[in-house]
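The sequence shown maps to residues -30 to -1, 1 to 372 in mature numbering (1 follows the signal peptide of the UniProt record, and there is no 0). For glycine and all other residues, C-beta sits at the position ideal for the given N, C-alpha and C. The model shown is predicted, which means the values in this text are computed figures rather than measured ones.
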Amino acid sequence: MTNMMRKAAMLSMAGAIFAAPAPAPAPALAQDAEPTGNPFAIKALYKADVMGVADGGIARGARFLDNIDVIADADLDAALRWKRATAHLSLLNNLGGKPNDLAGSIQGIDNIEVADRRLKIYEAWLEQGLGEHVTVKTGLYDVNSEFYQNDAAGLLISPMFGVGSELAATGTNGPAIFPSTALAVRLRATTETMYGAVAVVNAKAGTIGDEDGVDLSGRAGALLIAEAGWTGRGKLAVGAWRYTRRQPGVVPPGITQTDETHFSHGVYLLAEQDLIGTADGDDTHVVGFLRLGLSDGRTTPFRGGWQSGVLWERPFDARPESALSFGAGNGALSRYYRIGNPSELPALGGSETIFELTYSDEIVKGISVQPDIQYVMNPSADSTVDDALVLGMRLTIGWSSH
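See the structure below:
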């Protein structure tokens, strides 16, 4: 029983670390923003989840959790005559329980679950256009807003459909993704059908509102990440990342850091393709996606992983805001992580696999509901934990000044 409780606590922390918000749409250049009468825009988004385990896992039960985002954007050209410049500020607050305590997944089951419930400044950056095709962005920055993200996976709730698990488990306090960002500089260039981006990000995630605040020392080094892609009739992109300083190795249970250090690095591939219709049409739109990732396997539990799925927008003619999505993914544990398992614990298997089916629909303008089903096979690759059937419901309320 003591071992089970210890594993549950560590796995909950792991799931919270991997949790990431739904991927954001590919960003537009600062100078591409359509002019409006007001140079300032404010929007708010509230998500409330009830997520529970109906069968298997560590224990049956349900947990409530929520997430509030308040986002402000400013067109500095219109407001201050600062050519090709925009400013962005977002606040984040999370409350509620930890459903992964019940499921025991090493990748997590809910992308708004956090280890610490806090009100914080999430992002705060300036973006400057340099000519027609290049922008530079600097400030508190979410790596997943522009790297390792694809729109077709955005409806799914499992954290593995945000940043791949092999990257999400790295770094001091995790990389600069939900729920903590870091200071960064990002350069991005685009054409009509291609793009390239590179960022230098503080390796120690932390923002205003976190216990240790924003790291200004730089002693942890930096995360270097680059991505290039083609967006002609879908999306095909490759990315690579590396930490400039050696990172601690990790072993079970959960993510336990060791005294050994290693260079942490990885690569990933993103593919997305329209199967029926187009995203900007009014008719049914079906798009498929595939993601692959590999890492060093010593500074993260995962040697690699994959995710794939389908998003079906407007499946019902009478429900223009409806969307149905199915996804599956696998996190492959590294040999280094598996052999580091304490001898008193059962031997670990090779991987964990998650299937998810979810449907979202707007019941009134600005308010949507989203039932969700997940099936976690081999949770944390632990033979003592049964496959988990996860049932959930998400309520989303959105408001915008425009």
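The secondary-structure analysis by DSSP pairs VAL220 across a beta bridge with GLN227. Bounds of the beta strand (DSSP E) holding ASN172 are 164 to 172.
Beta-bridge partners of ASP331 (DSSP): VAL339. In the displayed model, SER135 falls within a helix according to three-state DSSP.
Contact holds between the stretch 342 to 356 and the stretch 24 to 31, because three or more Cβ pairs, one in each stretch, are under 8 Å apart. LYS53 counts as exposed, since fewer than 16 other beta carbons sit within 10 angstroms of its beta carbon.
Within the same chain, and ignoring the five residues on either side of PRO290 in sequence, the residues whose Cβ sits closer than 8 Å to its Cβ are ASP252, ARG284. In this structure, the straight-line span from the alpha carbon of SER135 to that of GLN77 is close to 7 Å.
Taking the C-beta atoms as reference points, GLU322 is found no nearer than 8 Å to GLY297. When rounded, the separation of the alpha-carbon atoms in LYS335 and ALA14 is 14 Å. Minimum Cα-Cα distance from TRP276 among the listed residues THR366, VAL106, GLY263 corresponds to GLY263. Taking C-alpha positions only, PHE10 is separated from ILE309 by approximately 54 Å. Residue pairing by DSSP places THR142 opposite LYS174 in a beta bridge. For ASN70, the enclosing alpha helix (DSSP H) starts and ends at 70 to 73. Residues ALA(-5), THR163, MET164, TYR165 of the same chain have their beta carbon placed closer than 8 Å to that of THR201, with the five preceding and five following residues left out of the count. Shown here, ASN37 sits in a strand according to DSSP, grouped into three states. One Cα belongs to GLY299, the other to PRO271, and the distance between them is close to 16 Å. Residues ALA298, TYR345 of the same chain have their beta carbon placed closer than 6 Å to that of PHE325, with the five preceding and five following residues left out of the count.
Contact between ARG156 and TYR111 holds, with the beta-carbon distance rounding to 6 Å and staying under 8 Å. Between the stretch 52 to 71 and the stretch 28 to 44, the count of C-beta pairs closer than 8 Å reaches three or more; the two stretches touch. LEU303 is positioned such that its CB atom lies no closer than 8 Å to that of ARG268. Using a C-beta cut-off of 8 Å, the stretch 36 to 43 makes contact with the stretch 14 to 23, since at least three inter-stretch Cβ pairs fall below that distance. DSSP places LEU46 in the uninterrupted alpha helix (DSSP H) bounded by 46 to 50.
When the Cα atoms are used, ASP331 and ARG261 turn out to be separated by approximately 26 Å. CA-to-CA, the gap between LEU59 and GLY191 works out to about 25 Å. Excluding five sequence positions before and after THR140, the CB atoms of its chain that fall closer than 6 Å to its own CB belong to SER234, THR269, THR270, given in chain order. Listed in chain order, the non-local C-beta contacts of SER295 below 6 Å within the same chain comprise LEU125, LEU126, LEU281, THR328, local neighbours out to five positions each way being set aside. Between LEU365 and VAL339, the CB-CB gap stays under 8 Å. Residue burial is scored here from C-beta neighbours: GLY279 has at least 16 other C-beta atoms within 10 angstroms and is therefore classed as buried. Within the same chain, and ignoring the five residues on either side of TRP211 in sequence, the residues whose Cβ sits closer than 7 Å to its Cβ are LEU137, LEU193, LEU194, ILE195, HIS235, GLY236. DSSP places ILE246 inside the beta strand (DSSP E), whose first and last residues are 235 to 246. DSSP places ASP253 outside both helix and strand once states are collapsed to three, so it counts as coil. Inclusion of THR177 and LYS90 in the CB contact set at 8 Å is warranted, their separation being smaller than that value. A check of alpha carbon separations from THR161 across ILE147, SER187, GLU102, VAL208 identifies GLU102 as the nearest. If you look at TYR307, you'll find it in the alpha helix (DSSP H) that goes 305 to 309.
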